[in-house]
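Colleague: The structure follows.
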Amino acid sequence: MTSQSQNPKTSDTPPVRAPSAVPVDDTVLPFEVGPLDLRGRLTRLGPALDELLEKHAYPTPVAKLLGEAIVLATLLGSSLKFDGRFILQTQTDGPVSFLIVDFQAPDRLRAYARFDESRLTPGLDSGALLGNGHLAMTIDQGVDMSRYQGLVALQGGGLEEAAHEYFLRSEQIPTRVRLAVGEELRSGEGGRHHWRAGGMLLQFLPKSPERARQADLHPGDAPEGASVHAVQEDDAWVEGQSLIATVEDVELIDPDLSGERLLYRLFHERGVRVFSSLPLRAQCSCSRDAVAGMLSRFEAKDRADMVKDGKVVVTCEFCSSVYEFTPQEAGVEEAGE
Ligand SMILES: [Zn+2]
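Heads up: the sequence shown runs through residues 1 to 337, numbered per full-length UniProt numbering.
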């Protein structure tokens, strides 16, 4: 690791305050490391993740992968304006064929996964669970704004790798992402199981753009193992990458380690500043009215086909809420007998 001594921190400049030792779950904590031109966000998820995952009886590997996608969506979507919406989706040919995380600013999260249980063999990592396909990220900033969609190929790598590729190719912002999901068993609650997740996004945003040049990934059509085009990366970004690389999964999900403590542990030599944290919660936006509205846009024949045992039942894929309608309510015309 290179370190140039331009660090203004001295022993007689006290920190604004000591890093809080109190862990706060279900938050995104923005931060910056000024001397290195680094900005980032740290997500910690506890009860909200439980709520998102436990509504579905996901096998553990599927729950973990969806948890990673949820963390990634919070890291990317939490910079949106107040009424924006960030949707992260994967569509792939692996055992987990579809994932969606819908983050509605400022704080609402919902998500679900589709998978083929028969293909879930033990030991599959995130990349193998996904397989080949693509990751799409959609930003919708409200009715008067245009929608933006970014796409990145998934080719056997996981979500961290896809995020790096996306930022390198589309945004051209040097970016590193870490994602971790784990299970916690608390003895005091009869061994009740809890999900935890954490993640960190780190970006190099120097004032002069030429400092942001990064080593390119080899082109997608190059043979595996093709040599990587050499670019001298900025020392500050080399240091930032080596610091985030030291973050252990267990630190990201540790319920007893506060986010501020973790950031201080990593960046204290350079001076890290944290901003106000943003709360997150699991809440679906479905409603009986919205489902009825959706039904009314179906073709009459499709609505009629949905009548089973004298009623129309619609289950929300995100939160598993069940909405029941009579055929009349669902706009199904009585078949003349
Ligand atoms: Zn719902």
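Even for Gly, the Cβ is constructed at its ideal location relative to N, Cα and C. Here the structure is a predicted model, which means the values were calculated and not measured.
1. Mapping the DSSP letters down to three states, classify residue 194 as helix, strand or coil.
2. Among 104, 75, 78, 65, which has the Cα closest to the Cα of residue 90?
3. For residue 26 versus residue 46, is the C-beta distance shorter than 7 Å?
4. If you draw a straight line from the alpha carbon of residue 260 to that of residue 253, how long is it in whole angstroms?
5. Taking its Cβ as the centre, do 16 or more other Cβ atoms sit within 10 Å of residue 58, making it buried, or is it exposed?
6. For the region 25-101, list the alpha helix (DSSP H) runs that are entirely contained and at least 4 residues long, ordered along the chain.
7. If we call anything under 7 Å between Cβ atoms a contact, is residue 200 one with residue 178?
8. My assumption, with CB atoms under 8 Å, is that residue 263 sits in contact with residue 42. Please give the rounded CB distance.
9. Taking Cβ positions, are residue 240 and residue 36 nearer each other than 7 Å?
10. Report the three-state DSSP secondary structure of residue 301 (helix, strand or coil).
11. Could you give the DSSP three-state label for residue 231: helix, strand or coil?
12. Is the region 67-84 in contact with the region 96-109, if contact means three or more CB pairs nearer than 8 Å?
13. State the beta-bridge partners of residue 308 as determined by DSSP.
14. Please go through the same chain and pick out, in chain order, the residues whose beta-carbon is closer than 6 Å to the beta-carbon of residue 116, but skip the five residues on each side of it.
15. Go ahead and label residue 330 buried or exposed: buried means 16 or more other beta carbons lie within 10 angstroms of its beta carbon, across all protein chains shown.
16. State the beta-bridge partners of residue 167 as determined by DSSP.
17. Across the region 128-147 and the region 302-314, are there enough close Cβ pairs to call them in contact, namely three or more that are closer than 8 Å?
18. On the criterion of 16 or more Cβ atoms from any shown chain inside 10 Å, does residue 234 qualify as buried, or is it exposed?
19. Exposed or buried, what is residue 61 when buried is set at 16 or more other beta-carbons lying within 10 Å of its beta-carbon?
20. Give me the pocket residues for ligand 1, defined as CB within less than 5 Å of any heavy atom, sorted by chain position.
21. Give me, in chain order, the residues of the same chain whose beta-carbon lies closer than 7 Å to that of residue 214; leave out the 5 immediate sequence neighbours on both sides.
22. Going by C-alpha to C-alpha distance, which of 31, 287, 197 sits closest to residue 250?
23. Within a Cβ cutoff of 6 Å, which residues of the same chain sit near residue 236, ignoring the five residues on either side of it in sequence?
24. Once the 5 residues before and after residue 53 are set aside, which same chain residues still bring their CB inside 6 Å of it?
25. Using the three-state DSSP reduction, which class does residue 176 fall into: helix, strand or coil?
26. According to DSSP, is residue 140 helix, strand or coil?
27. Would a C-beta distance cut-off of 7 Å place residue 338 and residue 22 closer than the cut-off?
28. Taking only three categories from DSSP, how would you classify residue 393?
29. I'd like the span of the beta strand (DSSP E) that includes residue 110, first residue to last.
30. Which class does residue 259 belong to by DSSP, given the choice of helix, strand or coil?
Modeller: The structure says:
1. By 1-based counting over the sequence shown, the position of residue 194 is 194. Reduced to three states, the DSSP call for residue 194 is strand.
2. Locating residue 90 in the sequence shown gives position 90, where the first residue counts as 1. Measuring from the Cα of residue 90, the nearest candidate turns out to be 65.
3. The sequence position of residue 26 within the sequence shown is 26, counting from 1. The sequence position of residue 46 within the sequence shown is 46, counting from 1. Yes, the Cβ-Cβ distance between residue 26 and residue 46 is below 7 Å.
4. As a first step, residue 260 must be located in the sequence shown, where it is residue number 260. As a first step, residue 253 must be located in the sequence shown, where it is residue number 253. Approximately 13 Å, taken between the alpha carbons.
5. Walking along the sequence shown from the start, residue 58 turns up at place 58. With 16 or more other Cβ atoms within 10 Å, it is buried.
6. 47-54, 60-77
7. Mapped onto the sequence shown, residue 200 falls at position 200. Mapped onto the sequence shown, residue 178 falls at position 178. Contact flag set, yes.
8. Translated into the one-based positions of the sequence shown, residue 263 becomes position 263. Translated into the one-based positions of the sequence shown, residue 42 becomes position 42. So it is a contact: roughly 6 Å between Cβ atoms.
9. Looking up residue 240 in the sequence shown gives position 240. Looking up residue 36 in the sequence shown gives position 36. Yes. Within cutoff.
10. If you number the sequence shown from 1, residue 301 lands on position 301. It is helical.
11. In the sequence shown, residue 231 corresponds to position 231, counting from 1. Of the three classes helix, strand and coil, the one that applies to residue 231 here is coil, per DSSP.
12. yes
13. Here the question's residue 308 lines up with position 308 in the sequence shown. Bridge partners of residue 308: 311.
14. As a position in the sequence shown, residue 116 is number 116, starting the count at 1. Excluding residues within five positions, the ones whose Cβ falls inside 6 Å are 95.
15. Here the question's residue 330 lines up with position 330 in the sequence shown. Residue 330 should be labelled buried.
16. Start at 1 with the first residue of the sequence shown, and residue 167 comes out as number 167. Answer by DSSP bridge pairing: none, since residue 167 is not bridged.
17. no
18. Sequence index remark: in the sequence shown, residue 234 carries index 234 (1-based). That one is buried.
19. Counted from its first residue, the sequence shown places residue 61 at position 61. Result: buried.
20. 284, 286, 316, 318, 319, 321
21. Start at 1 with the first residue of the sequence shown, and residue 214 comes out as number 214. Correct list, in chain order: 168, 174, 231, 233.
22. Position 250 of the sequence shown, counted from the first residue, corresponds to residue 250. Looking at the Cα atoms, 197 is the closest of the given residues.
23. Mapped onto the sequence shown, residue 236 falls at position 236. The residues are 36, 37.
24. Indexing the sequence shown from 1 puts residue 53 at position 53. Excluding residues within five positions, the ones whose Cβ falls inside 6 Å are 63, 195.
25. The residue given as residue 176 occupies position 176 in the sequence shown. Note: residue 176 maps to strand in three-state DSSP.
26. As a first step, residue 140 is located in the sequence shown; it is residue number 140 there, counting from the start. In this structure, residue 140 counts as strand in the three-state DSSP scheme.
27. In the structure as shown, the chain starts at 1 and stops at 337, and residue 338 therefore has no counterpart that could be examined.
28. This structure gives no information on residue 393, because the portion of the chain shown stretches from 1 to 337.
29. By 1-based counting over the sequence shown, the position of residue 110 is 110. Per DSSP, residue 110 belongs to the beta strand (DSSP E) from 108-115.
30. Start at 1 with the first residue of the sequence shown, and residue 259 comes out as number 259. It is helical.
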